[in-house]
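The structure appears right after this line, and notes come after that.
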Amino acid sequence: MIVVIVFIIVSAVMAHKLVINPEAAVKSSREDQLRSYVAQYNMALLRYHLSEKKWPRTLGEISSKPGFLRELTPDPFTKKTDYALAEINGQKYVTSASTELSAAGKPYNTLTVNAARKFIPLAADKTPPLAELMGYKSDLK
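Letter by letter, the sequence shown follows residues 1104 to 1244 in the working numbering.
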């Protein structure tokens, strides 16, 4: 009985938040989608780099080769497949082309995503190599 009451209260609070701020709920959902897509594209980028021994110039280069990435899904914020490849310290990372601010207050085009689907700021002195970011253990340079 107590579990049912707690469930009803939690459900009511969540529904109330959705009604009060539906824009925030929509943005949160789009952010979740973006994190999922960028994590998937970073994994494809890493697989491409490990296989081809070079970085691609564009994501289109990855999706045109069988076995890496079937197709690009439109960015939930730009509604286009205009993802960018950012280069830092000889490594490449996928990022959104959107300049819209994330929930954390950073533009999406300054963030990439790790294997845990968390946003990571792109910074020359702080961004780990892509293999490490995606949880791949190697001496990849």
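Ideal placement from N, C-alpha and C gives every residue a C-beta, glycine not left out.
Cβ contact annotation for N1212 (same chain, cutoff 7 Å, sequence separation greater than five): A1187, T1198, S1199, A1200, S1201, T1202, in chain order. Burial check for K1221: the Cβ neighbour count within 10 Å stays below 16, so the residue is exposed. With a minimum length of 3 residues, the unbroken runs of beta strand (DSSP E) contained wholly in the region 1189 to 1219 fall at 1194 to 1198, 1214 to 1216. The Cβ-Cβ distance between L1149 and Y1239 falls below 8 Å. Per DSSP, the unbroken beta strand (DSSP E) holding P1224 starts and ends at 1222 to 1224. For L1175, there is no enclosing alpha helix (DSSP H), as DSSP gives it neither H nor E.
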